[in-house]
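Okay, structure first, notes after.
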Amino acid sequence: VPIKCYFINTLDSFAGAGRIELCSSLLEGGITPSIGLLQVVKENVQIPVYVMIRPRGGDFLYTDREVEVMRKDIELMKSHKADGLVLGALTEDGRVDVALCMELLAACRPLPVTFHRAFDMVHDPSVALETLASLGFERILTSGCDSSALEGLLLIKRLVEQVNSIYIFMSQSLLRSVPKAKGRIIIMPGGGITERNLQRILEGSGAQEFHCSARSSRESAMKFRNANVSMGTSLSAPEYSFKVADVTKVRTLNAIAKNTL
Numbered sequence: 001v002p003i004k005c006y007f008i009n010t011l012d013s014f015a016g017a018g019r020i021e022l023c024s025s026l027l028e029g030g031i032t033p034s035i036g037l038l039q040v041v042k043e044n045v046q047i048p049v050y051v052m053i054r055p056r057g058g059d060f061l062y063t064d065r066e067v068e069v070m071r072k073d074i075e076l077m078k079s080h081k082a083d084g085l086v087l088g089a090l091t092e093d094g095r096v097d098v099a100l101c102m103e104l105l106a107a108c109r110p111l112p113v114t115f116h117r118a119f120d121m122v123h124d125p126s127v128a129l130e131t132l133a134s135l136g137f138e139r140i141l142t143s144g145c146d147s148s149a150l151e152g153l154l155l156i157k158r159l160v161e162q163v164n165s166i167y168i169f170m171s172q173s174l175l176r177s178v179p180k181a182k183g184r185i186i187i188m189p190g191g192g193i194t195e196r197n198l199q200r201i202l203e204g205s206g207a208q209e210f211h212c213s214a215r216s217s218r219e220s221a222m223k224f225r226n227a228n229v230s231m232g233t234s235l236s237a238p239e240y241s242f243k244v245a246d247v248t249k250v251r252t253l254n255a256i257a258k259n260t261l
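Structure (structure tokens):
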């Protein structure tokens with residue numbers, strides 16, 4: 001159960017999780033977290049911590065300066081004991097940016113790398129999957145190119161099937177499917193996964209992993225509150241509440257997964 005971590009609640013919040021994806025600013029879909037956050041998490045949890053490498057919100061077409069930032073962040077996260085990294089980059093026509101991904105993967109070695117939900121913005125998911133598998137990514141995080149993993153369930157199922165089989169022509173008139181080496185890349189559903197839909201997503205997709213934030217709201221302890229001031233835009237989170245990883249949700253999701261897989 002990979003948990004997206006963006007605010008430290010209690011260390012028990014990760015009980016049952018198999019891995020943490022560490023990022024900041026979920027309102028932007030997650031961007032690179034601070035070194036301080038990585039250090040505190042690494043000092044206090046035993047499970048692997050994969051760090052997001054994303055210099056800004058928005059699209060996944062990066063400038064040379066943004067790529068420079070990504071390379072520096074990779075170097076820093078590796079030196080501060082990240083267990084894996086999470087990144088993605090596309091070309092202007094919605095294809096995997098092979099050249100840039102090769103460059104970033106080389107910088108990440110020997111750490112495993114997940115291709116994040118930039119995948120959900122690609123022109124052709126089937127072709128993108130093959131590209132990412134050949135490049136050496138460990139897994140793909142995807143909502144099935146839809147608003148949530150539940151909405152994109154049919155595509156996620158097709159991607160899982162594609163990973164596990166390849167179609168070859170035996171003759172002009174015969175087409176058959178033969179098993180391909182399993183584990184060449186992992187398809188991990190993510191996006192809107194909750195206790196209410198997890199079983200359906202796992203059973204319907206055939207996926208063996210899933211990704212969720214397992215979050216709940218917590219009220220600020222501030223007694224004095226200035227309602228006239230906001231530290232962000234009108235679309236920002238409320239000033240006096242915040243999201244935290246919820247230990248009860250993590251345990252419930254983990255139990256559902258164990259009973260389903």
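Residue numbers (the working numbering): 1 to 261. Note that CB positions come from ideal geometry on N, CA and C, so glycine has one too. Here the structure is a predicted model, which means the values were calculated and not measured.
Beta-carbon gap between residue i and residue j smaller than 8 Å
i	j	result
residue 132	residue 78	no
residue 92	residue 61	yes
residue 140	residue 187	yes
residue 32	residue 73	yes
residue 101	residue 120	no
residue 26	residue 213	yes
residue 107	residue 71	yes
residue 125	residue 105	no
Cβ distance (whole Å) where residue i is taken to contact residue j below 8 Å
i	j	result
residue 22	residue 50	7 Å
residue 185	residue 163	6 Å
residue 122	residue 98	No, residue 122 and residue 98 are not in contact; Cβ-Cβ is about 12 Å, not under 8 Å.
residue 260	residue 199	5 Å
residue 262	residue 143	Residue 262 lies beyond the residue range present for the chain, which begins at 1 and ends at 261; the question has no answer from this structure.
Classification of residue i by the beta-carbon crowding that lies within 10 angstroms, buried from 16 upward
i	result
residue 215	buried
residue 84	buried
residue 81	exposed
residue 240	exposed
residue 249	buried
residue 246	buried
residue 18	exposed
residue 153	buried
residue 149	buried
residue 262	Here the chain comprises residues numbered 1 to 261, so residue 262 is not present and cannot be evaluated.
residue 41	buried
residue 30	buried
residue 16	buried
residue 169	With a pLDDT of only 41 at residue 169, under the threshold of 50, the placement of this residue in the model should not be trusted; the figure read from the coordinates follows. Result: exposed.
residue 258	exposed
heavy atom of the ligand MG below 7 Å from residue i C-beta
i	result
residue 80	The model depicted lacks the ligand MG and carries no ligand whatsoever.
With a threshold of 8 Å, are at least 3 pairs of Cβ atoms found where one atom belongs to the region 37-56 and the other to the region 81-92?
Contact between the region 37-56 and the region 81-92 is present, because at least three Cβ pairs lie under 8 Å.
Taking 8 Å as the threshold, find out whether the region 191-208 comes into contact with the region 217-227 through three or more Cβ pairs.
no
Hey, is the region 224-231 in contact with the region 197-212, meaning 3+ C-beta pairs nearer than 8 Å?
no
Examine the Cβ distances between the region 234-254 and the region 37-48 and report whether three or more of them are shorter than 8 Å.
no
Of all the beta strand (DSSP E) runs that stay within the bounds of the region 62-99, which reach a length of 3 or more residues?
Scanning the region 62-99 for uninterrupted beta strand (DSSP E) segments of 3 residues or longer gives 84-87, listed from N- to C-terminal end.
For a minimum of 3 consecutive residues, which ranges assigned as the beta strand (DSSP E) are wholly contained in the region 182-217?
186-189
Tell me the start and end of each unbroken beta strand (DSSP E) in the region 18-46 that is at least 3 residues and wholly inside, in chain order.
19-22
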